[in-house]
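The opening position of the sequence shown corresponds to residue 214 in the numbering used here, with each subsequent residue numbered one higher. For every residue, glycine included, the Cβ atom is placed at its ideal position computed from N, Cα and C. No experiment lies behind these values; they were computed from the predicted model shown.
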Amino acid sequence: MNVNRLAQRASSLRLAAITLAENMRNGSFKSLYRGQGIEFSDVREYLNGDNVRSIDWNVTARMGRPFIKEYEEDRELSVFLILDCSRSMELGSDVTRLSLAQEASALLLLACEHNAGAMGAVFFDGKIQFSCPPKSGRENSMMILSKLDKIDSIPEYEKSDGSALSNAINGAAKLLKKRSLVFILSDFRSSRWDKPFARLAQKHDVVALRITDPSDSELPEIGTIPFYDAESKKKSLFPTLSRRFKAQWREANQKRSEQWKDFCSKHGAFPLSISTQEDAVSTLQRFFKQKARF
Numbered sequence: 214m215n216v217n218r219l220a221q222r223a224s225s226l227r228l229a230a231i232t233l234a235e236n237m238r239n240g241s242f243k244s245l246y247r248g249q250g251i252e253f254s255d256v257r258e259y260l261n262g263d264n265v266r267s268i269d270w271n272v273t274a275r276m277g278r279p280f281i282k283e284y285e286e287d288r289e290l291s292v293f294l295i296l297d298c299s300r301s302m303e304l305g306s307d308v309t310r311l312s313l314a315q316e317a318s319a320l321l322l323l324a325c326e327h328n329a330g331a332m333g334a335v336f337f338d339g340k341i342q343f344s345c346p347p348k349s350g351r352e353n354s355m356m357i358l359s360k361l362d363k364i365d366s367i368p369e370y371e372k373s374d375g376s377a378l379s380n381a382i383n384g385a386a387k388l389l390k391k392r393s394l395v396f397i398l399s400d401f402r403s404s405r406w407d408k409p410f411a412r413l414a415q416k417h418d419v420v421a422l423r424i425t426d427p428s429d430s431e432l433p434e435i436g437t438i439p440f441y442d443a444e445s446k447k448k449s450l451f452p453t454l455s456r457r458f459k460a461q462w463r464e465a466n467q468k469r470s471e472q473w474k475d476f477c478s479k480h481g482a483f484p485l486s487i488s489t490q491e492d493a494v495s496t497l498q499r500f501f502k503q504k505a506r507f
């Protein structure tokens, strides 16, 4: 992404975020805005018909007459972003995966400004580049957006090969003190993230945004090309003119995609694939406008 592209698009993204925020409130995730649970509020004297299981026995013993606990719904939604900035995300046919993920992240942050009480984030490549626990307030959301816009400015010597997706998920789990809406934006090409992901999805509402590119399934016919995977550090040769190789490439991508989607569904996460050929705004609006959970 060009430096300051997010800043240049801020106005249009903000307008789109208003509609997205409304879709989030009224669509698949509307239950999240009706309270994230109940929290202890106060005690009062027991009245005829009250549930005896709510009696506060410590206060009752101290006061000599029955008191019950009162609870109130916690309506502050906490939103958290986990953004993959690893080497593989820097690839793309026209637009890079990272550029699309940055724009989607900015849109989600701006939309959640209208809905959420607290927002946090973690950005990672082979190591954690930025981490912020959920906090309320516009100042915090603007700080996260600023960090998001400066990802491209990270000096090369500060970048780390590999992908710390599992560490980022584990780190997010430690930062989240209550049930939250968590967005994971990644190509999910690294390994060993499945167990941390499953644990996170047990306690939180997870939306897994898989960032894809047409080259994932169709390679351009440019002869035999050397390929270096910066994350696994493996070298390969891709015979892009070979029909057999291209068929195997497509099948491998299809299998990987189906396995990812099945894994998300199995653990109660919400899978969403966004291609670098698609518009992040319209794709996210369609997703959140849906009326049923997946």
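Beta-carbon proximity check, residue i vs residue j, cutoff 8 Å
{"i": "D297", "j": "L398", "result": "yes"}
{"i": "E326", "j": "S354", "result": "yes"}
{"i": "I364", "j": "F337", "result": "no"}
{"i": "A385", "j": "A482", "result": "no"}
{"i": "F396", "j": "I487", "result": "no"}
{"i": "P409", "j": "S376", "result": "no"}
{"i": "A319", "j": "M302", "result": "no"}
{"i": "P439", "j": "K447", "result": "no"}
{"i": "S530", "j": "F293", "result": "This structure gives no information on residue 530, because the portion of the chain shown stretches from 214 to 507."}
Minimum C-alpha distance to residue i - residue among the options
{"i": "R300", "options": "K340, K502 and L389", "result": "K340"}
{"i": "S306", "options": "G350, P427, I295 and E258", "result": "P427"}
{"i": "A234", "options": "I438, K391, E464 and L323", "result": "L323"}
{"i": "T453", "options": "Q461, T437 and Q467", "result": "T437"}
{"i": "V494", "options": "A317, A482 and E371", "result": "A317"}
{"i": "D429", "options": "K391, K447 and K468", "result": "K468"}
{"i": "S349", "options": "E434, K448 and S291", "result": "S291"}
{"i": "D418", "options": "P433, L432 and K391", "result": "K391"}
Residue i burial status per 10 Å Cβ neighbour count (16 or more: buried)
{"i": "W406", "result": "buried"}
{"i": "R402", "result": "buried"}
{"i": "R423", "result": "buried"}
{"i": "S366", "result": "exposed"}
{"i": "M276", "result": "exposed"}
{"i": "D255", "result": "exposed"}
{"i": "G333", "result": "buried"}
{"i": "Q342", "result": "buried"}
{"i": "L260", "result": "exposed"}
{"i": "P368", "result": "exposed"}
{"i": "I281", "result": "buried"}
{"i": "R247", "result": "Note on R247: pLDDT 44, under 50, position unreliable in the model; no value is reported."}
{"i": "A274", "result": "exposed"}
Separation of residue j from residue i, as counted between CA atoms
{"i": "P484", "j": "I357", "result": "24 Å"}
{"i": "V420", "j": "K474", "result": "11 Å"}
{"i": "L388", "j": "S344", "result": "9 Å"}
{"i": "I231", "j": "T496", "result": "15 Å"}
{"i": "L321", "j": "V265", "result": "44 Å"}
{"i": "D362", "j": "R310", "result": "15 Å"}
{"i": "A411", "j": "F458", "result": "33 Å"}
{"i": "C477", "j": "I382", "result": "14 Å"}
{"i": "A331", "j": "Q503", "result": "24 Å"}
{"i": "D400", "j": "Q490", "result": "15 Å"}
{"i": "L450", "j": "E371", "result": "29 Å"}
{"i": "K479", "j": "R257", "result": "43 Å"}
{"i": "N466", "j": "A460", "result": "10 Å"}
{"i": "L432", "j": "S312", "result": "20 Å"}
{"i": "S267", "j": "K416", "result": "25 Å"}
{"i": "S373", "j": "Q472", "result": "28 Å"}
{"i": "G250", "j": "D263", "result": "Caution is warranted here: a pLDDT of 48 is assigned to G250, below 50, making its placement in the model unreliable, and no coordinate value can be reported."}
{"i": "Q498", "j": "W462", "result": "31 Å"}
{"i": "I425", "j": "L304", "result": "Here the sequence assigns Thr to residue 425, which means Ile is not the residue at that position. If I take the Cα positions, the gap works out to 10 Å."}
{"i": "S404", "j": "E283", "result": "46 Å"}
{"i": "P346", "j": "M237", "result": "22 Å"}
{"i": "E156", "j": "A229", "result": "Residue 156 is absent from the structure shown; the chain starts at 214 and stops at 507."}
{"i": "P279", "j": "N271", "result": "10 Å"}
Residue-chain proximity (residue i, chain B), Cβ-Cβ < 8 Å
{"i": "I382", "result": "Protein chain content of the structure displayed is limited to a single chain, and chain B is not contained in it."}
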